[in-house]
Amino acid sequence: MRITRNMGTLAVTGALTLTLAALAYPALLGVETTSATTVNVIANPSSGPLTEADRDFVVKVRAAGLWEYPVGQLALQKGTTPEVRTAGEHLISGHAGLDATSRKIAKELGITLPNKPSPQQQGFVSTLSANSGSKFNTEFANILRITHGQIFSTVAKIRATTQNSLVRQLADQANDTVLDHITVMEKTGLVDFDQVIIQETTAPKVPAVNLTPPAPQPGEPEVVLTPPAGGVSQPAAGATSQPAGGASQPPGAALPSPTPTVG
Numbered sequence: 003m004r005i006t007r008n009m010g011t012l013a014v015t016g017a018l019t020l021t022l023a024a025l026a027y028p029a030l031l032g033v034e035t036t037s038a039t040t041v042n043v044i045a046n047p048s049s050g051p052l053t054e055a056d057r058d059f060v061v062k063v064r065a066a067g068l069w070e071y072p073v074g075q076l077a078l079q080k081g082t083t084p085e086v087r088t089a090g091e092h093l094i095s096g097h098a099g100l101d102a103t104s105r106k107i108a109k110e111l112g113i114t115l116p117n118k119p120s121p122q123q124q125g126f127v128s129t130l131s132a133n134s135g136s137k138f139n140t141e142f143a144n145i146l147r148i149t150h151g152q153i154f155s156t157v158a159k160i161r162a163t164t165q166n167s168l169v170r171q172l173a174d175q176a177n178d179t180v181l182d183h184i185t186v187m188e189k190t191g192l193v194d195f196d197q198v199i200i201q202e203t204t205a206p207k208v209p210a211v212n213l214t215p216p217a218p219q220p221g222e223p224e225v226v227l228t229p230p231a232g233g234v235s236q237p238a239a240g241a242t243s244q245p246a247g248g249a250s251q252p253p254g255a256a257l258p259s260p261t262p263t264v265g
């Protein structure tokens with residue numbers, strides 16, 4: 003198979019000592035990188051120094067769930083093999099868990115989180131939404147295997163370098179989840195490892211703006227990725243927006259359809 007190359011607020015008060023810089027939204031977030039400066043401390047909360055790379059990592063985890071969760075739903079709806087549907091279940095349950103953790107620590111650290119994935123990630127969803135049958139199965143397995151392979155090294159780097167205990171907690175959870183997702187993609191039997199390795203190790207040739215999830219608008223409801231009722235074997239109810247009053251509503255407009263790029 004050949005994949006085309008044209009293929010992260012709430013401020014808290016009290017014990018935390020946060021700088022305004024900690025609330026700034028990341029300027030650039032590539033699929034394969036966090037901030038280039040891993041030692042630039044932007045805040046000193048009680049959980050430990052917070053760097054730009056730490057902040058970007060929390061944003062990256064959130065953004066990943068915003069596209070992989072609906073792709074997991076697509077796998078339940080469109081997957082034609084038990085292995086593909088199982089992989090979809092793992093995406094839904096794994097990213098519901100990571101989303102809960104990332105939203106919790108973001109509130110504690112004063113990190114602004116997106117409510118939509120990056121344009122590139124939206125493109126992945128659009129591509130898979132347009133596919134069906136065996137083509138869906140193959141594109142699903144390979145796109146998800148590539149993107150998880152790319153983020154795996156980022157998780158390891160953050161886990162090894164962060165001095166913030168909350169970010170370390172998220173990295174531990176992300177490590178287990180990403181490894182699980184890599185494994186279930188490989189168990190589909192559809193991964194083209196030659197192409198995966200090429201795509202994983204090649205810098206993305208897309209405009210930087212396409213790699214950054216849009217910042218939420220003032221007053222925009224927070225999107226919550228909810229685990230499916232009754233366990234992951236049930237079809238997921240979908241992402242919901244959580245207004246201040248607590249009522250749920252479907253997320254906003256349909257995703258745009260840019261040409262997705264990996265590598």
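In the working numbering, the protein residues as written are 3 to 265. Cβ atoms here follow ideal geometry from the backbone N, Cα and C, with glycine treated the same way. This one's a predicted model, so the numbers in the text were calculated from it and none came from an experiment.
On the DSSP bridge assignment, give the partners of residue i in chain order.
| i | result |
| --- | --- |
| L52 | A45 |
Under the rule that 16 or more other beta-carbon atoms within 10 Å means buried, what is residue i, buried or exposed?
| i | result |
| --- | --- |
| V63 | buried |
| D196 | exposed |
| G135 | exposed |
| I153 | buried |
| I199 | exposed |
| P209 | exposed |
| L181 | exposed |
| K106 | exposed |
| D174 | exposed |
| T156 | buried |
| A176 | buried |
| A45 | buried |
| V211 | exposed |
| G125 | buried |
Quick check on DSSP: helix, strand or coil for residue i?
| i | result |
| --- | --- |
| V193 | coil |
| T82 | coil |
| A217 | coil |
| A77 | helix |
| I94 | helix |
| K207 | coil |
| G112 | coil |
| P72 | helix |
task = Enumerate, from N- to C-terminal direction, the unbroken alpha helix (DSSP H) stretches of 4 or more residues contained entirely within the segment 115-181.
result = Fully enclosed alpha helix (DSSP H) runs of 4 or longer: 121-132 and 135-163.
inquiry  = If contact is defined by three or more beta carbon pairs under 8 Å, each pair taking one atom from either stretch, is the segment 90-110 in contact with the segment 64-81?
reply    = The segment 64-81 makes contact with the segment 90-110: 3 or more CB pairs, one atom from each, lie closer than 8 Å.
query = Should the segment 161-168 be called in touch with the segment 44-55, which here means at least 3 C-beta pairs below 8 Å?
reply = Between the segment 161-168 and the segment 44-55 there are three or more inter-stretch CB-CB distances shorter than 8 Å, so the stretches are counted as touching.
inquiry  = I want to know whether the segment 78-90 touches the segment 213-228 - three or more CB-CB distances under 8 Å.
reply    = Too few Cβ pairs lie closer than 8 Å, so no.
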